[in-house]
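Visitor: Protein sequences, first through last, are from chains R and B. So for the first sequence, our numbering puts the first residue at 255; every next one is plus one. So for the second sequence, our numbering puts the first residue at 255; every next one is plus one. Ideal Cβ placement from N, Cα and C applies to all residues, glycine included.
Protein chains: 2
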Amino acid sequence: MDQVLAYYESHRADFLNRMKDLLRMPSISAQSAHKDDLRKCAGLVRQYLTTAGLQAEIMETGGHPAVLADSGPVEGDRPVVLVYGHYDVQPEGDLNLWHSPPFEPTERDGAVFARGAADDKGQMLTHVFAAECWGKGAGRLPLRLKFLIEGEEEVASAHLEGFTKDHRDQLACDYVLISDTAQFGPGRPALTYGVKGIVYKEILLHGPTQNLHSGSFGGTVANPGNILAHIIASLYQADGRVAIPGFYDDVVELGADEKATLMALPFDEAGYLKELGCPKLFGEPGYSTLERRWVRPTLDVNGLVGGYTGEGASTVIPSDAVGKVSMRLVPAQDPQKISQAFDGAVRAACPDSVQLKILTHGVVAAYLAPLDSAGMKAAARAISRGFGAEPTYIREGGSLPILPLFKEVLGADSIMMGFALPNCNLHGPNEFLHIRDFESGIRTSAYFYGELGTDGR
Amino acid sequence: MDQVLAYYESHRADFLNRMKDLLRMPSISAQSAHKDDLRKCAGLVRQYLTTAGLQAEIMETGGHPAVLADSGPVEGDRPVVLVYGHYDVQPEGDLNLWHSPPFEPTERDGAVFARGAADDKGQMLTHVFAAECWGKGAGRLPLRLKFLIEGEEEVASAHLEGFTKDHRDQLACDYVLISDTAQFGPGRPALTYGVKGIVYKEILLHGPTQNLHSGSFGGTVANPGNILAHIIASLYQADGRVAIPGFYDDVVELGADEKATLMALPFDEAGYLKELGCPKLFGEPGYSTLERRWVRPTLDVNGLVGGYTGEGASTVIPSDAVGKVSMRLVPAQDPQKISQAFDGAVRAACPDSVQLKILTHGVVAAYLAPLDSAGMKAAARAISRGFGAEPTYIREGGSLPILPLFKEVLGADSIMMGFALPNCNLHGPNEFLHIRDFESGIRTSAYFYGELGTDGR
Numbered sequence: 255m256d257q258v259l260a261y262y263e264s265h266r267a268d269f270l271n272r273m274k275d276l277l278r279m280p281s282i283s284a285q286s287a288h289k290d291d292l293r294k295c296a297g298l299v300r301q302y303l304t305t306a307g308l309q310a311e312i313m314e315t316g317g318h319p320a321v322l323a324d325s326g327p328v329e330g331d332r333p334v335v336l337v338y339g340h341y342d343v344q345p346e347g348d349l350n351l352w353h354s355p356p357f358e359p360t361e362r363d364g365a366v367f368a369r370g371a372a373d374d375k376g377q378m379l380t381h382v383f384a385a386e387c388w389g390k391g392a393g394r395l396p397l398r399l400k401f402l403i404e405g406e407e408e409v410a411s412a413h414l415e416g417f418t419k420d421h422r423d424q425l426a427c428d429y430v431l432i433s434d435t436a437q438f439g440p441g442r443p444a445l446t447y448g449v450k451g452i453v454y455k456e457i458l459l460h461g462p463t464q465n466l467h468s469g470s471f472g473g474t475v476a477n478p479g480n481i482l483a484h485i486i487a488s489l490y491q492a493d494g495r496v497a498i499p500g501f502y503d504d505v506v507e508l509g510a511d512e513k514a515t516l517m518a519l520p521f522d523e524a525g526y527l528k529e530l531g532c533p534k535l536f537g538e539p540g541y542s543t544l545e546r547r548w549v550r551p552t553l554d555v556n557g558l559v560g561g562y563t564g565e566g567a568s569t570v571i572p573s574d575a576v577g578k579v580s581m582r583l584v585p586a587q588d589p590q591k592i593s594q595a596f597d598g599a600v601r602a603a604c605p606d607s608v609q610l611k612i613l614t615h616g617v618v619a620a621y622l623a624p625l626d627s628a629g630m631k632a633a634a635r636a637i638s639r640g641f642g643a644e645p646t647y648i649r650e651g652g653s654l655p656i657l658p659l660f661k662e663v664l665g666a667d668s669i670m671m672g673f674a675l676p677n678c679n680l681h682g683p684n685e686f687l688h689i690r691d692f693e694s695g696i697r698t699s700a701y702f703y704g705e706l707g708t709d710g711r
Numbered sequence: 255m256d257q258v259l260a261y262y263e264s265h266r267a268d269f270l271n272r273m274k275d276l277l278r279m280p281s282i283s284a285q286s287a288h289k290d291d292l293r294k295c296a297g298l299v300r301q302y303l304t305t306a307g308l309q310a311e312i313m314e315t316g317g318h319p320a321v322l323a324d325s326g327p328v329e330g331d332r333p334v335v336l337v338y339g340h341y342d343v344q345p346e347g348d349l350n351l352w353h354s355p356p357f358e359p360t361e362r363d364g365a366v367f368a369r370g371a372a373d374d375k376g377q378m379l380t381h382v383f384a385a386e387c388w389g390k391g392a393g394r395l396p397l398r399l400k401f402l403i404e405g406e407e408e409v410a411s412a413h414l415e416g417f418t419k420d421h422r423d424q425l426a427c428d429y430v431l432i433s434d435t436a437q438f439g440p441g442r443p444a445l446t447y448g449v450k451g452i453v454y455k456e457i458l459l460h461g462p463t464q465n466l467h468s469g470s471f472g473g474t475v476a477n478p479g480n481i482l483a484h485i486i487a488s489l490y491q492a493d494g495r496v497a498i499p500g501f502y503d504d505v506v507e508l509g510a511d512e513k514a515t516l517m518a519l520p521f522d523e524a525g526y527l528k529e530l531g532c533p534k535l536f537g538e539p540g541y542s543t544l545e546r547r548w549v550r551p552t553l554d555v556n557g558l559v560g561g562y563t564g565e566g567a568s569t570v571i572p573s574d575a576v577g578k579v580s581m582r583l584v585p586a587q588d589p590q591k592i593s594q595a596f597d598g599a600v601r602a603a604c605p606d607s608v609q610l611k612i613l614t615h616g617v618v619a620a621y622l623a624p625l626d627s628a629g630m631k632a633a634a635r636a637i638s639r640g641f642g643a644e645p646t647y648i649r650e651g652g653s654l655p656i657l658p659l660f661k662e663v664l665g666a667d668s669i670m671m672g673f674a675l676p677n678c679n680l681h682g683p684n685e686f687l688h689i690r691d692f693e694s695g696i697r698t699s700a701y702f703y704g705e706l707g708t709d710g711r
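1) Determine, for ALA492 (chain R), whether the minimum Cβ-Cβ distance to residues of chain B falls below 8 Å.
2) Using the beta-carbon of each residue, which ones in chain R are nearer than 7 Å to LYS743 (chain B)?
3) Short of 7 Å in beta carbon distance, which residues of its chain neighbour LEU657 (chain R), apart from the five on each side in sequence? Order them along the chain.
4) With a threshold of 8 Å between beta-carbons, can GLY472 (chain R) be considered close to chain B, or not?
5) Suppose you measure from the CA of SER468 (chain B) to the CA of PRO585 (chain B); what does that come to, to the nearest Å?
6) Looking at THR435 (chain B): is its Cβ nearer than 8 Å to the Cβ of LEU425 (chain B)?
7) Compare the Cα-Cα distances from GLU314 (chain B) to each of B:PRO327, B:ASP588, B:ALA412 and report the closest residue.
8) So LYS578 (chain B) and GLY561 (chain B) are in contact, right, with Cβ under 8 Å, and what is the actual spacing, rounded?
9) So, for ILE403 (chain R): in the same chain, excluding its five sequence neighbours on each side, which residues have a beta-carbon less than 7 Å away from its beta-carbon?
10) I'd like to check one pair, VAL328 (chain B) with TYR429 (chain B): are the Cβ atoms closer than 8 Å?
11) Just the C-alpha distance for ARG635 (chain R) and GLU650 (chain R), rounded to the nearest angstrom, thanks.
12) How would you call LEU625 (chain R), buried or exposed, if buried means at least 16 neighbouring beta carbons within 10 angstroms?
13) Identify the continuous alpha helix (DSSP H) that holds ARG272 (chain R) and give its terminal residues.
14) Chain R partners of PHE536 (chain B), CB-CB under 8 Å?
15) For LYS513 (chain R), which of helix, strand or coil comes out of DSSP?
16) Around the Cβ of SER653 (chain R), are there at least 16 other Cβ atoms within 10 angstroms (buried) or fewer (exposed)?
17) With distances taken between CB atoms, is the gap from PHE660 (chain B) to THR698 (chain B) smaller than 8 Å?
18) Our contact map puts PRO605 (chain R) next to ILE457 (chain R) with C-beta atoms below 8 Å; I'd like the distance itself, whole angstroms only.
19) Less than 8 Å between the C-beta atoms of ALA632 (chain R) and GLU705 (chain R), yes or no?
20) The ligand ZN heavy atoms versus the CB of HIS484 (chain B): any closer than 7 Å?
21) Can you grab the Cα-Cα spacing for the pair ALA492 (chain R) / ILE486 (chain B), in whole Å?
22) Could you give the distance in angstroms between the alpha-carbon of ARG582 (chain R) and the alpha-carbon of TRP548 (chain R)?
23) Using the Cα positions of GLU415 (chain B) and GLU662 (chain B), report the straight-line distance between them to the nearest angstrom.
24) Output, in chain order, the set of chain B residues within a Cβ distance shorter than 8 Å of VAL343 (chain R).
25) How many angstroms separate the CA atom of PRO359 (chain R) from the CA atom of LEU687 (chain R)?
26) Between the stretch 390–422 of chain R and chain B, which residues of the former have a C-beta closer than 8 Å to a C-beta of the latter?
27) When the Cα of ARG422 (chain B) is compared with those of B:ALA666, B:GLY364, B:GLU407, which residue comes out closest?
28) Which residue's Cα is closest to the Cα of ALA330 (chain R): R:ASP291, R:ARG394, R:SER354?
29) Applying a beta-carbon distance threshold of less than 7 Å, which residues of chain R neighbour CYS213 (chain B)?
30) Using the beta-carbon count (16 or more within 10 Å), is PRO520 (chain B) buried or exposed?
31) To the nearest angstrom, report how far apart HIS756 (chain R) and TRP388 (chain R) are at their CA atoms.
32) Contact defined as beta carbons within less than 8 Å: I believe SER488 (chain B) pairs with ALA595 (chain B). What is the distance between those atoms, to the nearest angstrom?
33) So what's ASN350 (chain R) in DSSP terms, helix, strand or just coil?
34) Can a CB atom of chain B be found closer than 8 Å to the CB of THR646 (chain R)?
35) Assuming GLY629 (chain R) is part of the alpha helix (DSSP H), what are its boundary residues?
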């Protein structure tokens with residue numbers, strides 16, 4: 255381990271620079287114009303894995319490619335760890351809100367600001383560089399390592415299910431290791447043991463062939479904008495409850511122990527509100543803010559558009575209106591059932607005066623990991639060494655489609671180490687990762703490989 | 255009148271050529287690059303009015319200039335008619351959709367195709383040339399004529415209110431004569447006696463400081479997109495009725511006579527539906543399509559935007575959501591009162607979990623002309639002589655802010671003669687005016703001057 259840490263120490267600047275090189279690539283998976291950028295980005299990930307001493311390949315998936323790597327077998331009966339991450343990123347959004355360009359990584363206040371710094375390029379690379387510290391520093395790996403770094407996580411991992419099933423032997427492992435979550439707070443690195451599922455829908459309404467003059471034609475044709483508002487309003491009550499019939503049927507209330515642990519967490523509600531900047535917090539009646547985030551299902555409008563959206567006034571009846579709406583699900587909710595219930599509710603609320611089309615962009619189950627596995631215990635020890643702080647056990651409102659998939663196809667549970675901060679602006683402007691967390695992450699990952707390798711299988 | 259018609263007959267080709275000369279000028283008021291073209295165009299209008307025998311001047315307005323002309327007093331106690339029109343035009347739009355260049359007037363199928371042929375250069379000139387037929391043919395005018403031809407109609411007549419108030423004495427008149435509307439159908443010239451008012455609003459909701467990850471934060475903060483849907487849904491019932499408290503309070507039901515006239519109009523509902531291309535017609539229960547267009551108030555979403563509006567899925571809670579909503583009002587509805595009722599309803603529907611701002615882009619009253627005035631009666635006789643067809647009395651769903659303005663400032667009612675066709679592609683590609691309608695328009699205008707002049711004041 256000394257050699258491993260020595261290699262780490264002598265390569266800190268290099269690791270940081272290589273992270274920045276990866277962050278310069280605008281690998282926005284949602285936008286087809288960036289197709290080539292994604293492939294180039296996969297190429298650089300492959301290069302880093304090769305440098306770490308693994309056999310790495312770019313694999314076709316039917317969509318953006320994935321990078322698959324394998325160290326090959328190691329001596330002794332060691333567990334196999336599959337590191338999962340993603341090199342694709344969210345769209346940059348409104349450029350005017352960024353203090354530095356999203357794809358020109360910039361250091362400020364000890365952090366690197368760039369789209370993907372936290373989600374997930376920066377966090378993912380901690381495990382790649384930790385492998386390099388072992389491979390180059392100690393000359394060997396303490397366990398067999400595999401990497402699967404995909405390029406479609408931000409578009410609901412569209413091709414990953416098929417890919418995983420097609421490559422189940424190559425991906426076979428005892429644990430999946432993922433850093434695509436966050437610490438509980440600064441200096442409180444977390445082990446996330448549960449994530450929500452998601453069902454993401456797009457409602458498309460089409461009325462007249464083209465935008466119409468709202469004076470000449472108003473009142474005689476159904477307005478897709480008016481109807482969209484009615485449909486969305488019918489799905490969600492003003493008090494914060496979801497109004498889709500059957501939505502809560504399979505939701506399990508939290509057990510007394512878990513609830514007590516959750517309520518005991520030092521959650522700074524005032525700080526949270528201040529950080530978000532909204533007038534007040536709001537959510538489902540009868541639950542705390544942490545419960546709403548982690549263990550209660552939700553429904554959110556993610557996007558709305560129709561008609562004239564420029565400055566000032568234009569008197570059109572829009573020919574089309576589009577609403578993107580997603581639901582976050584908790585364990586025991588069947589995402590297929592929720593998907594159908596959503597479609598049924600939308601169809602019931604939509605009159606025949608417009609044409610309705612519903613697109614489904616994602617149907618993913620929630621996931622809950624066991625807390626008492628050897629992997630989870632090794633992870634806890636690694637974090638306490640890497641960060642000098644005990645891990646906080648948390649759940650997460652986000653979704654990781656790969657988790658239920660890996661459990662189902664590979665039979666492996668996932669270990670989610672969160673190195674980023676909760677306020678690191680994932681999906682928003684000015685995303686960042688603290689350099690000290692990036693570096694503690696590399697050390698933690700190196701400790702984890704060593705701890706779990708020492709345990710044996 | 256014989257001399258007038260003789261002059262008309264001998265100058266038909268000349269009038270057509272002079273209309274084409276005016277149409278060659280790209281007087282696009284929305285585009286500052288055409289500023290000089292507008293001034294040149296005003297100069298040619300002035301020249302035509304001078305040729306007709308009027309004293310004409312180019313007047314500064316603060317924006318594009320207006321042309322103001324006056325024949326001076328005539329013998330006897332004759333009414334004064336102010337012809338209002340505009341020489342500015344809409345942008346040409348997509349040039350690929352035009353079958354001949356928009357500013358090279360081209361004859362096809364008995365019509366002149368060019369931007370502004372119908373809206374409003376061609377129609378406006380009928381009244382200029384009719385004045386010339388009187389002045390040059392008969393050597394005198396049968397009544398005092400004034401012209402106000404503005405250059406900003408297509409940009410919401412930005413300076414007209416101030417100009418009208420500043421020149422109320424010069425503009426003083428008994429009737430305003432306007433041809434900027436359409437026939438009811440081919441061979442069915444129309445007198446438009448009512449237009450709707452409009453109140454145009456923009457609802458701005460602001461929640462969190464920036465877009466948030468809908469997984470990490472969903473369920474804990476109010477979503478401006480969800481709330482916008484609820485607010486809009488609260489303003490408008492699914493059955494097509496407006497739900498703003500008090501909205502219908504001042505709406506007057508159509509009288510039996512007017513309703514009978516309206517119901518007797520040969521309105522081609524199937525053709526109308528086919529033209530619009532929506533699955534079916536839809537509107538306020540209990541009213542026909544023409545009633546909904548012309549005599550019932552409406553509420554339409556004109557634009558919606560918030561969150562992620564690009565391709566595919568992005569899981570954000572939008573920090574902002576914006577809805578543009580306008581209402582078309584009927585006579586007796588007070589636009590200020592409706593404006594306040596709208597704001598009140600929106601505020602009542604908006605929770606304190608987001609910040610609300612309401613912008614007002616327009617507050618314009620409806621206008622209804624009396625059908626039994628001497629001017630309206632003279633207009634009907636003139637149309638039946640000029641076109642050889644009785645006028646159809648129609649209303650219009652659009653709004654013309656100048657009409658209530660002229661009524662308020664000058665105390666004059668407006669007479670709207672429609673010579674263009676409803677499908678003459680106003681604001682679209684391949685705008686046209688039939689030459690026979692242009693010529694019938696000149697004759698009709700000449701008859702009108704004569705009829706109203708003969709009536710006396």
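Guide: The short version:
1) Locating residue 492 (chain R) in the first sequence gives position 238, where the first residue counts as 1. At least one chain B Cβ lies under 8 Å of ALA492 (chain R).
2) No information on residue 743 (chain B) is available, as it lies outside the stretch 255 to 711 that chain B covers here.
3) Indexing the first sequence from 1 puts residue 657 (chain R) at position 403. Closer than 7 Å at the Cβ level, and outside the excluded window around LEU657 (chain R), lie VAL449, TYR621, SER668.
4) For the purposes of this step, residue 472 (chain R) is identified with residue 218 of the first sequence, where counting begins at 1. Chain B contact via Cβ: present.
5) Indexing the second sequence from 1 puts residue 468 (chain B) at position 214. Indexing the second sequence from 1 puts residue 585 (chain B) at position 331. C-alpha separation (whole angstroms): 46 Å.
6) On the second sequence, position 181 is the one that residue 435 (chain B) refers to. On the second sequence, position 171 is the one that residue 425 (chain B) refers to. No, these two residues do not count as a Cβ contact at 8 Å.
7) Position 60 of the second sequence, counting from 1, holds the residue named residue 314 (chain B). Nearest of B:PRO327, B:ASP588, B:ALA412 to GLU314 (chain B), Cα basis: B:ALA412.
8) Residue mapping note: residue 578 (chain B) aligns to position 324 of the second sequence, counting from 1. Residue mapping note: residue 561 (chain B) aligns to position 307 of the second sequence, counting from 1. Not really, about 16 Å apart at Cβ, beyond 8 Å.
9) As a first step, residue 403 (chain R) must be located in the first sequence, where it is residue number 149. These residues qualify, in order along the chain: VAL299, ALA320, VAL321, GLY339, HIS340, TYR341, MET378.
10) Sequence index remark: in the second sequence, residue 429 (chain B) carries index 175 (1-based). Sequence index remark: in the second sequence, residue 328 (chain B) carries index 74 (1-based). No, they are not a contact pair.
11) In the first sequence, counting from the first residue as 1, residue 635 (chain R) sits at position 381. In the first sequence, counting from the first residue as 1, residue 650 (chain R) sits at position 396. Cα to Cα, the separation comes out at about 21 Å.
12) The sequence position of residue 625 (chain R) within the first sequence is 371, counting from 1. Exposed is the call here.
13) Your numbering for residue 272 (chain R) matches position 18 in the first sequence. Unbroken alpha helix (DSSP H) run through ARG272 (chain R): 266–277.
14) Along the second sequence, one-based indexing puts residue 536 (chain B) at 282. Simply THR474, VAL475, ALA476, PRO605, SER607.
15) As a first step, residue 513 (chain R) must be located in the first sequence, where it is residue number 259. Secondary structure at LYS513 (chain R): helix, using DSSP grouped into helix, strand and coil.
16) Numbered from its first residue, the first sequence carries residue 653 (chain R) at position 399. When all chains shown are included, SER653 (chain R) counts as buried.
17) Taking the first residue of the second sequence as position 1, residue 660 (chain B) is located at position 406. Taking the first residue of the second sequence as position 1, residue 698 (chain B) is located at position 444. Going by C-beta atoms, PHE660 (chain B) is not nearer than 8 Å to THR698 (chain B).
18) On the first sequence, residue 605 (chain R) is found 351 positions in, with the first residue counted as 1. On the first sequence, residue 457 (chain R) is found 203 positions in, with the first residue counted as 1. With 8 Å as the limit, PRO605 (chain R) and ILE457 (chain R) do not qualify as a contact, their Cβ atoms being about 13 Å apart.
19) Taking the first sequence and counting its residues from 1, the one referred to as residue 632 (chain R) is at position 378. Taking the first sequence and counting its residues from 1, the one referred to as residue 705 (chain R) is at position 451. Cβ atoms of ALA632 (chain R) and GLU705 (chain R): closer than 8 Å.
20) The ligand ZN is not part of this structure, which contains no ligands at all.
21) Taking the first sequence and counting its residues from 1, the one referred to as residue 492 (chain R) is at position 238. Taking the second sequence and counting its residues from 1, the one referred to as residue 486 (chain B) is at position 232. Approximately 13 Å between the Cα atoms of the pair.
22) Position 328 of the first sequence holds residue 582 (chain R). Position 294 of the first sequence holds residue 548 (chain R). Near 10 Å, if we compare the C-alpha coordinates of TRP548 (chain R) and ARG582 (chain R).
23) Reading the second sequence from its first residue, position 161 is the one you call residue 415 (chain B). Reading the second sequence from its first residue, position 408 is the one you call residue 662 (chain B). Their backbone Cα atoms lie some 11 Å apart in a straight line.
24) Indexing the first sequence from 1 puts residue 343 (chain R) at position 89. Going along chain B, no residue has its Cβ under 8 Å from VAL343 (chain R), so there is no contact; the nearest lies around 11 Å.
25) By one-based count along the first sequence, residue 359 (chain R) stands at place 105. By one-based count along the first sequence, residue 687 (chain R) stands at place 433. In a straight line, the C-alpha of PRO359 (chain R) is about 10 Å away from that of LEU687 (chain R).
26) GLU408, VAL409, ALA410
27) Taking the first residue of the second sequence as position 1, residue 422 (chain B) is located at position 168. Minimum Cα-Cα distance from ARG422 (chain B) among the listed residues B:ALA666, B:GLY364, B:GLU407 corresponds to B:ALA666.
28) Here the question's residue 330 (chain R) lines up with position 76 in the first sequence. Correcting the residue type first, residue 330 (chain R) is Gly in the shown sequence and not Ala. If we check each option's Cα against that of GLY330 (chain R), R:ARG394 comes out closest.
29) For chain B, the structure presents residues 255 to 711; residue 213 (chain B) sits outside this window and is missing.
30) Residue mapping note: residue 520 (chain B) aligns to position 266 of the second sequence, counting from 1. With fewer than 16 other Cβ atoms within 10 Å, it is exposed.
31) No answer is possible for residue 756 (chain R): the residues shown for chain R start at 255 and end at 711.
32) Counting from 1 along the second sequence, the entry for residue 488 (chain B) is found at position 234. Counting from 1 along the second sequence, the entry for residue 595 (chain B) is found at position 341. Between ALA595 (chain B) and SER488 (chain B) the Cβ distance is about 13 Å, and since that is not below 8 Å, they are no contact.
33) As a working mapping, residue 350 (chain R) is identified with position 96 in the first sequence. ASN350 (chain R) falls in the helix class under three-state DSSP.
34) Indexing the first sequence from 1 puts residue 646 (chain R) at position 392. By this cut-off, THR646 (chain R) is not an interface position.
35) The residue you call residue 629 (chain R) lines up with position 375 of the first sequence. According to the DSSP assignment, GLY629 (chain R) belongs to the alpha helix (DSSP H) that extends over 628–641.
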